[in-house]
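Numbering (my numbering), first residue to last: 255 to 838.
One structure is given below, encoded as structure tokens.
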Amino acid sequence: MRARRGIGIDALAAVLAAVGGVRGRGRRGVGALLALALAAGLAACQAVPSEGPVHEGLASLNQGEQPVQFNPEGPAAGADQEDIVRGFIRAATSSVDDYAIAREFLAPAYAAQWQPEDGVFIDEGIQPYASPSENVGELSLSGLATVDSAGTLSPLPTGPETVMRFEFTQVGGEWRISSAPNGVILDRISFSAVWTNRQLYFLTPDNRLVAETRWFLNRATLSTQIISGLLDGPNEADAQALRTGFPSGTTLASDSVPVNGGIARIEFSPELLTSEPANMEQVKQQIAASLQSVPGVTGFEISVNGAIVDSASVTVPDNQTRNVENLVTTVIRGDGIGTLSGGEIVPLPRIGDRIAELNPDAVTLSADRSSAAVRHRGESGSAVTWVSQNDTVTIDLRRGLFEPALDRFGYVWSYAESDPDRILVQLPGSSPELLRLPGLEDREPLAVRVSPGGNRLAVLVEGNDGMTAVFVIAIVRDADQRPVGLGEIARRELVTSGSPVDLDWVDETRIVTLSRAGAGVKVTLAPLGQLPSDIGTVADAAAVSGGGSRSLIRVLDGDGRLFGPQGSGWQLQSEDVRLIVRSG
255 MRARRGIGID ALAAVLAAVG GVRGRGRRGV GALLALALAA GLAACQAVPS
305 EGPVHEGLAS LNQGEQPVQF NPEGPAAGAD QEDIVRGFIR AATSSVDDYA
355 IAREFLAPAY AAQWQPEDGV FIDEGIQPYA SPSENVGELS LSGLATVDSA
405 GTLSPLPTGP ETVMRFEFTQ VGGEWRISSA PNGVILDRIS FSAVWTNRQL
455 YFLTPDNRLV AETRWFLNRA TLSTQIISGL LDGPNEADAQ ALRTGFPSGT
505 TLASDSVPVN GGIARIEFSP ELLTSEPANM EQVKQQIAAS LQSVPGVTGF
555 EISVNGAIVD SASVTVPDNQ TRNVENLVTT VIRGDGIGTL SGGEIVPLPR
605 IGDRIAELNP DAVTLSADRS SAAVRHRGES GSAVTWVSQN DTVTIDLRRG
655 LFEPALDRFG YVWSYAESDP DRILVQLPGS SPELLRLPGL EDREPLAVRV
705 SPGGNRLAVL VEGNDGMTAV FVIAIVRDAD QRPVGLGEIA RRELVTSGSP
755 VDLDWVDETR IVTLSRAGAG VKVTLAPLGQ LPSDIGTVAD AAAVSGGGSR
805 SLIRVLDGDG RLFGPQGSGW QLQSEDVRLI VRSG
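Spelled out as structure tokens, the structure:
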């Protein structure tokens, strides 16, 4: 199947997710891709001067975030079909006047039909061209991800290259495109320059703010795009768990959100006034948190029918779920469990001895370190037990138990291979609940982790061709913070080379994985809704802990050696470590 006229990026992404690709041609070598990407990047930049006068830098750091303006050329006289296609792709780096330059490459009848707003197809940057018939051209793309019309980025499964089809006609003796896929095609470097990611904040049933990452064109209309995104609500995967505070039917009353003197002036339709006072406060919280990352915006005014009804300053949301003093590395070394400090173990107070008595093979501490979920050997097999200073509660005795999780609200999460479609959730002292997992594209979970904020479940699986993949699922809670279900959609958040080994949450919006690739094990940092980055390798790595920040990521190898990040590599932190203790 190929991308044809009328098939946008959203539809193409759905097809790719279902069949794992469009048409078979092997991916190019990673080394060649990197070399060409670097060459393209260097060619686009001026040389760094080694001598000459000192020039004044940016007067404000915000200047460093100004939109990048590309000025691609229109079609050249006498250009052949391949030149027209490649020129059209380059022209999509400029969205000025609704992609006016890109439309110059299209036949007049098709120029009005092409819909660039359908999304983005992001590829590696190598785009072989072929002409299978007289007036047809094809680009073969090694896809990385798609961005849908709402700005949600989804990594593509590994597999065959994607073939994009273009049809041609002559207009005034010059070749023009008469059919092309909707949306735009950008290589990774161009995409990162033209688009920017921002956090949109939505509400849980108990009115906590939770972020979704969205991508927007990096231009002066960024505030308008963000407010429109808030009005549209959370993405489909989060729709059961999150909501927007805006009353139903509320829209922007004008096409733009102007910013004057640092104040974003937002004019809403009259439906906003149907909101209760408490809801209006939630609307303000969403706006304040979502606009805080826009350069130059310090506050906002809300108007209806030309009259200002409210205003506030932008604020950085407090999403820290772990106390700073608890952002430490905790391990089991020898017979002791405690915090690693200067090569020594500082014993874990109150519950450390109770955990050690169970001879655990997996431990997750609560955020305040006052309780733990422990997997250990029971009387008739593995068991998951909750441990506090005064109590011990058996949670799960099913066969094939995974490492348990303990969320910030005190619920223990336990997954078992013997019950692959469900996960057990229990507040110690209450009855357990079994929540059904959504489909994972027929993949079996290898590890399951709950995010520090208790909002999402990350599931590690083996993807196509033995690759590492991670799905993220929304946790649905009631107003009392009790988990009552899981989202119906498991969003693919990561696809990376190498067979899966382990994963953990770094914080509420980032995951870290281990993938065995050749002789080493690769460490990959993956912010939700963004492209991942590899951050080095550790030989024979077996387990990873997110720790709460990038500097606190720890990797344990098969010989009990613990490593932490140091510059671009990994430095030995301790030896003879039996377990990394995770934090909930």
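Cβ atoms here follow ideal geometry from the backbone N, Cα and C, with glycine treated the same way.
Remember, it's a predicted structure, so these values are computed and weren't measured experimentally.
(1) Suppose contacts are defined by Cβ-Cβ distances below 8 Å. Is P409 in contact with L700 by that definition?
(2) Run through DSSP, which three-state label would V570 get?
(3) Any idea if E521 is buried or exposed, counting beta-carbon neighbours within 10 angstroms, 16 or more meaning buried?
(4) Note down, one range per segment and in chain order, each beta strand (DSSP E) of at least 3 residues found wholly within the stretch 745–803.
(5) If we call anything under 8 Å between Cβ atoms a contact, is R452 one with I480?
(6) Tell me which residue opens and which closes the beta strand (DSSP E) that P362 is part of.
(7) For the alpha helix (DSSP H) containing G483, list its first residue and its last residue.
(8) Whole-angstrom Cβ separation of V234 and A627, contact assumed at under 8 Å?
(9) From D441 to E378, what does the alpha carbon distance come to, in whole angstroms?
(10) Can you grab the Cα-Cα spacing for the pair K538 / S544, in whole Å?
(11) To which residues does DSSP link I727 through a beta bridge?
(12) Suppose you measure from the CA of R703 to the CA of A621; what does that come to, to the nearest Å?
(13) So, is Q820 buried or exposed, given that buried needs 16 or more other C-beta atoms within 10 angstroms?
(14) In terms of residues, what are the limits of the beta strand (DSSP E) holding P737?
(15) I need the straight-line Cα distance from L526 to G708, nearest angstrom please.
(16) Tell me whether T722 sits in a helix, a strand or coil according to DSSP, three-state version.
(17) Say whether the stretch 368–384 touches the stretch 454–461, bearing in mind that this needs 3 or more beta-carbon pairs closer than 8 Å, one atom from each stretch.
(18) In the DSSP output, which residue or residues are listed as bridge partners for Y383?
(19) According to the Cβ coordinates, are A346 and A356 closer than 8 Å?
(20) Of the residues T552, G499, I517, which one's Cα is nearest the Cα of E530?
(21) Can you say whether S314 is buried or exposed, counting buried as having 16 or more other CB atoms within 10 angstroms of its CB?
(22) The beta strand (DSSP E) with L619 in it runs from where to where?
(23) Measure the C-alpha to C-alpha separation of L594 and D402 and round it to an integer number of angstroms.
(24) Measuring only the C-alpha atoms, how far is F375 from F324?
(25) How about G338 and R473: are their beta carbons less than 8 Å apart?
(26) Pairs of beta-carbons, one from the stretch 717–724 and one from the stretch 743–763, closer than 8 Å: are there three or more?
(27) Taking only three categories from DSSP, how would you classify A345?
(28) By the DSSP assignment, the alpha helix (DSSP H) with Y841 in it spans what residues?
(29) With DSSP collapsed to three states, give me the class of S444.
(30) From the DSSP output, read off the bridge partner residues of Y455.
(31) Distance, Cα to Cα, G560 vs G553?
(32) Leaving out five residues before and five after Q536 in sequence, what residues of the same chain have Cβ atoms less than 7 Å from its Cβ?
(33) Give, in chain order, every unbroken run of the beta strand (DSSP E) that is at least 3 residues long and sits entirely within the stretch 514–574.
(34) Just grab the DSSP bridge partners of D377 for me.
(35) Could you check where the alpha helix (DSSP H) with R608 kicks off and where it finishes?
Taking the definition as stated:
(1) Indexing the sequence shown from 1 puts residue 409 at position 155. Indexing the sequence shown from 1 puts residue 700 at position 446. No. Outside cutoff.
(2) For the purposes of this step, residue 570 is identified with residue 316 of the sequence shown, where counting begins at 1. Taken through DSSP and simplified to helix, strand or coil, V570 comes out as coil.
(3) Here the question's residue 521 lines up with position 267 in the sequence shown. With 16 or more other Cβ atoms inside 10 Å of its own Cβ, E521 counts as buried.
(4) 745–750, 753–761, 764–771, 774–781, 787–792, 795–799
(5) Your numbering for residue 452 matches position 198 in the sequence shown. Your numbering for residue 480 matches position 226 in the sequence shown. Yes, these two residues count as a Cβ contact at 8 Å.
(6) Numbered from its first residue, the sequence shown carries residue 362 at position 108. Segment 362–365 is the alpha helix (DSSP H) holding P362; no beta strand (DSSP E) there.
(7) Locating residue 483 in the sequence shown gives position 229, counting from the first residue. Start and end: 476–486.
(8) With the chain covering only 255 through 838, there is no way to say anything about residue 234.
(9) Here residue 441 refers to the residue found at position 187 when the sequence shown is read from its first residue. Here residue 378 refers to the residue found at position 124 when the sequence shown is read from its first residue. Looking at the two C-alpha atoms, the distance is approximately 6 Å.
(10) On the sequence shown, position 284 is the one that residue 538 refers to. On the sequence shown, position 290 is the one that residue 544 refers to. Approximately 10 Å, taken between the alpha carbons.
(11) Your numbering for residue 727 matches position 473 in the sequence shown. According to DSSP, residue pairing for I727 in a beta bridge involves L711.
(12) Residue mapping note: residue 703 aligns to position 449 of the sequence shown, counting from 1. Residue mapping note: residue 621 aligns to position 367 of the sequence shown, counting from 1. C-alpha separation (whole angstroms): 14 Å.
(13) Mapped onto the sequence shown, residue 820 falls at position 566. Q820 is exposed by the Cβ-count criterion.
(14) Against the sequence shown, residue 737 aligns to sequence position 483. Here the beta strand (DSSP E) through P737 covers 737–740.
(15) For the purposes of this step, residue 526 is identified with residue 272 of the sequence shown, where counting begins at 1. For the purposes of this step, residue 708 is identified with residue 454 of the sequence shown, where counting begins at 1. Near 30 Å, if we compare the C-alpha coordinates of G708 and L526.
(16) Sequence index remark: in the sequence shown, residue 722 carries index 468 (1-based). Strand at T722.
(17) The answer is no - the stretch 454–461 does not touch the stretch 368–384, with fewer than three Cβ pairs under 8 Å.
(18) For the purposes of this step, residue 383 is identified with residue 129 of the sequence shown, where counting begins at 1. L393, per the DSSP bridge assignment.
(19) Locating residue 346 in the sequence shown gives position 92, where the first residue counts as 1. Locating residue 356 in the sequence shown gives position 102, where the first residue counts as 1. Closer than 8 Å, so yes.
(20) Stepping through the sequence shown from its first residue, residue 530 is reached at position 276. Closest option to E530, Cα to Cα, is G499.
(21) One-based indexing of the sequence shown puts residue 314 at position 60. Bear in mind that a pLDDT of 39 at S314, under 50, signals an unreliable position, so the model cannot answer this.
(22) Here the question's residue 619 lines up with position 365 in the sequence shown. Where L619 is concerned, the enclosing beta strand (DSSP E) stretches over 616–619.
(23) Taking the first residue of the sequence shown as position 1, residue 594 is located at position 340. Taking the first residue of the sequence shown as position 1, residue 402 is located at position 148. Whole-angstrom Cα-Cα distance: 44 Å.
(24) Reading the sequence shown from its first residue, position 121 is the one you call residue 375. Reading the sequence shown from its first residue, position 70 is the one you call residue 324. Each residue's Cα considered, the two are about 18 Å apart.
(25) Taking the sequence shown and counting its residues from 1, one reaches residue 338 at position 84. Taking the sequence shown and counting its residues from 1, one reaches residue 473 at position 219. The amino acid at residue 338 is misidentified as Gly; the sequence shows Ile. Contact: no.
(26) Contact between the stretch 717–724 and the stretch 743–763 is present, because at least three Cβ pairs lie under 8 Å.
(27) Position 91 of the sequence shown, counted from the start, is the residue given in the question as residue 345. Correct three-state label for A345: helix.
(28) Any property of residue 841 remains undetermined from this structure, which presents the chain solely from 255 to 838.
(29) As a first step, residue 444 must be located in the sequence shown, where it is residue number 190. Of the three classes helix, strand and coil, the one that applies to S444 here is helix, per DSSP.
(30) Locating residue 455 in the sequence shown gives position 201, where the first residue counts as 1. BP columns for Y455 point to A465.
(31) Taking the first residue of the sequence shown as 1, we reach residue 560 at position 306. Taking the first residue of the sequence shown as 1, we reach residue 553 at position 299. Cα-Cα distance, rounded: 18 Å.
(32) Here residue 536 refers to the residue found at position 282 when the sequence shown is read from its first residue. Here the set comprises L457, N461, G499.
(33) 517–522, 553–558, 561–567
(34) For this step, residue 377 is matched to residue 123 along the sequence shown. Its beta-bridge partners are G397, D441.
(35) Position 354 of the sequence shown, counted from the start, is the residue given in the question as residue 608. For R608, the enclosing alpha helix (DSSP H) stretches over residues 606–611.
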